[in-house]
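The structure under discussion appears below in the form of structure tokens.
In the working numbering, the protein residues as written are -12 to 149.
As structure tokens, this is what we get:
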């Protein structure tokens, strides 16, 4: 018997025994890929699969996939999804905002949805220069202000701004 066939038979027996969801697992050549946490299992036996389904990463990703999406929370997928009928409109609005000559003005058709997707837009060189200047002052020679707390707070604030 072919090793691939033996592998598939073992996997079918184990998945039936543990009553696993077939949509969460993908059988490849000689390994099984868990689609819930994107991990690869090369050995297929009952204890390894049972141990994997109890790991914290697998459980948290399975719970996250089982929960319905919150319509108020926007993410990169919803802003850039090609099936979204407003995808091109978002790109056009972001492009017009980035190409305006005046820094503090927004186009008249700018709304909250466009602003929410704007944080995924490319940053310009002045923002990069400002970031490096801030890091240089934090990392100056005497290093008075170089603490990991200051660095972490600045990175978190910078990430939330954009």
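Ideal Cβ placement from N, Cα and C applies to all residues, glycine included. All figures in this text were calculated on a predicted structure; none of them were measured in a lab.
In chain order, what residues of the same chain have a beta carbon less than 7 angstroms from the beta carbon of residue i, not counting five sequence neighbours either side?
i	result
residue 14	-5 and -2
residue 31	-6, -3, -2, 1 and 19
Round the Cβ separation of residue i and residue j to the nearest angstrom and send it over; I've been treating them as touching at under 8 angstroms.
i	j	result
residue 5	residue 37	7 angstroms
Which of the three DSSP states, helix, strand or coil, is assigned to residue i?
i	result
residue 219	Any answer about residue 219 is impossible in this case: the structure gives the chain only from -12 up to 149.
residue 19	strand
residue 14	strand
residue 62	Interpretation of residue 62 is limited by its pLDDT of 49, a score under 50 that renders its predicted location unreliable; no figure is taken from the coordinates.
Can you check which of these residues, the options, is closest to residue i by C-alpha distance?
i	options	result
residue 2	26, 39, -10 and 33	33
Might you give, ordered along the chain, the residues of its own chain that have their beta carbon closer than 6 angstroms to the beta carbon of residue i, omitting 5 neighbours on each side?
i	result
residue 139	none
residue 119	none
Within the same chain, show all residues whose beta-carbon is closer than 8 angstroms to that of residue i, passing over the 5 residues directly before and after it, in chain order.
i	result
residue 115	none
residue 39	21, 26, 28 and 45
residue 35	28
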